[in-house]
Amino acid sequence: MVHFVGAGPGAADLITVRGKKLIEEADVIIYAGSLVNPELLKYAGSDAEIHDSSRLTLDEVIALMKKADSEGKTVVRLHTGDPSIYGAVREQMDILDSEKISYDSTPGVSSFCGAAAALNMEYTLPGISQSVIITRMEGRTPVPEGESVEALSSHGATMVFFLSAGDIDRLVNKLEAAGMSLDTPCAIVYKATWDDEKKFICTLDTLAQTAADNDIHKTALIIVGKTVAQTGYEKSKLYAPDFSTEYRPIKPSPDGGAHRPGDDGFARTEAERRRWPEGPDEGTCNKNIKSEPT
Ligand code: SAH
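Going by numbering that gives the first Met the number 0, the sequence shown wraps up at 293, each residue one higher than the last.
Put into structure tokens, the structure is as follows:
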């Protein structure tokens, strides 16, 4: 049995409880030594066999898995962040399928969440952006044409660039060529959640210089978009007194106006449907309807 486990972004205590337990119980651990915090290996049993995959090819990783599995051993394949993001797990799983070796997956905290935590940032600010684009600039690995930096930047959404800190000048040029304003807020987070984390808020204009001045060329995320400023947003409907949810009735607001159940996509409960059968379809907005006792 092979367990693919997300190690989290860096800090050893950001692995999941399940991930830690799997490490404790593993006979063989294959970890991505380039980015996984080696401190996590302290959870391994004293007899566990440990391999750093940054020195291995795919075939060599699979050979270790096959050997362990044939001996009835349990393998943990420890990937940085969450394995589903640039984790190269599919190619391993496909070979395990063909070898009839079973496996499962345990998620991890991706570095883009670690970076948001480092900045105390919310990526999805109402009125600014409700989408996060997780992407990368093409390098040795190509990116499909429709996902070019230029194409994706046209949405105005919050963008998180992985694997792109090695050539920030090129990234900035692409964003600028796509029409992005040079005063667009940006952040760069190096080794989010590690002890030597570095984080900077800047603009598109100063991004490349900020990275150069602070010697950041890898293991960093670049966040681009108006949300980085964390200002000018609208308050959440979810906690607005004049907006009901499945869990909380409308609390009348001073002006007597109210959002009705179902506004902005929150599903109406059965009770709410009975109370107001002709209510709006989910996603419509009726701000000026008087609230009723609930
Ligand atoms: N699966 C990982 C991403 C692996 S790709 C995840 O979910 O986070 C490797 C890239 O992730 C790095 O080049 C860098 O851009 C980013 N990265 C990984 N860990 C990071 C960290 N702690 N801080 C900032 N960026 C990180």
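Idealized CB from N, CA, C, for every residue including glycine.
Computed from a predicted model, the values in this text were never measured in an experiment.
Bridge partner(s) assigned by DSSP for residue i
i, result
"residue 184", "202"
"residue 105", "4"
"residue 221", "160, 187"
"residue 197", "189"
Contact test: residue i Cβ vs ligand 1 heavy atom, cutoff 7 Å
i, result
"residue 106", "no"
"residue 295", "Residue 295 is absent from the structure shown; the chain starts at 0 and stops at 293."
"residue 188", "yes"
"residue 81", "yes"
"residue 306", "Any property of residue 306 remains undetermined from this structure, which presents the chain solely from 0 to 293."
"residue 78", "yes"
"residue 84", "yes"
"residue 161", "yes"
"residue 153", "no"
"residue 114", "yes"
"residue 220", "yes"
"residue 192", "yes"
"residue 217", "yes"
"residue 110", "yes"
"residue 164", "yes"
Residue burial classification, residue i (beta-carbon count within 10 angstroms, cutoff 16)
i, result
"residue 271", "Since pLDDT at residue 271 reaches only 46, below the 50 mark, its modelled position is unreliable, and the value read off the structure follows with that caveat. Residue 271 comes out buried."
"residue 36", "buried"
"residue 286", "With a pLDDT of 33 at residue 286, under the threshold of 50, the modelled position of that residue is not reliable, and the figure given next carries that caveat. Burial call: exposed."
"residue 155", "exposed"
"residue 16", "exposed"
"residue 82", "buried"
"residue 257", "Low local confidence applies: a pLDDT of 45 at residue 257 is under 50, so the model's placement there is unreliable, with the coordinate-based value given in what follows. Residue 257 is buried by the Cβ-count criterion."
"residue 293", "Summary for residue 293: the model assigns pLDDT 33, below 50, so the residue's position carries little reliability, and this model does not support an answer."
"residue 41", "exposed"
"residue 66", "exposed"
"residue 107", "buried"
"residue 122", "buried"
"residue 241", "buried"
"residue 140", "exposed"
"residue 30", "buried"
"residue 58", "exposed"
"residue 109", "buried"
Residue-level contact to chain B via CB, residue i, 8 Å cutoff
i, result
"residue 179", "Considering every chain present, this structure includes no chain B. It has just one protein chain."
Sufficient close CB pairs (3 or more, under 8 Å) joining the segment 3-10 to the segment 69-80: yes
Cβ pair count under 8 Å reaching 3, the segment 91-102 against the segment 126-134: no
Any 3 or more C-beta pairs closer than 8 Å across the segment 162-179 and the segment 212-230: yes
The segment 170-188 touching the segment 91-99, judged by at least three CB pairs closer than 8 Å: no
Completely contained beta strand (DSSP E) runs for the segment 22-81, where each covers 3 or more residues: 27-30, 48-51, 74-78
Segments assigned alpha helix (DSSP H), at least 4 residues, entirely inside the segment 84-165: 89-97, 110-118, 148-152
Segment contact flag, the segment 106-120 with the segment 189-196, C-beta cutoff 8 Å, min 3 pairs: yes
At least three beta-carbon pairs within less than 8 Å, the segment 227-236 to the segment 205-212: Output reads no: the segment 205-212 does not touch the segment 227-236.
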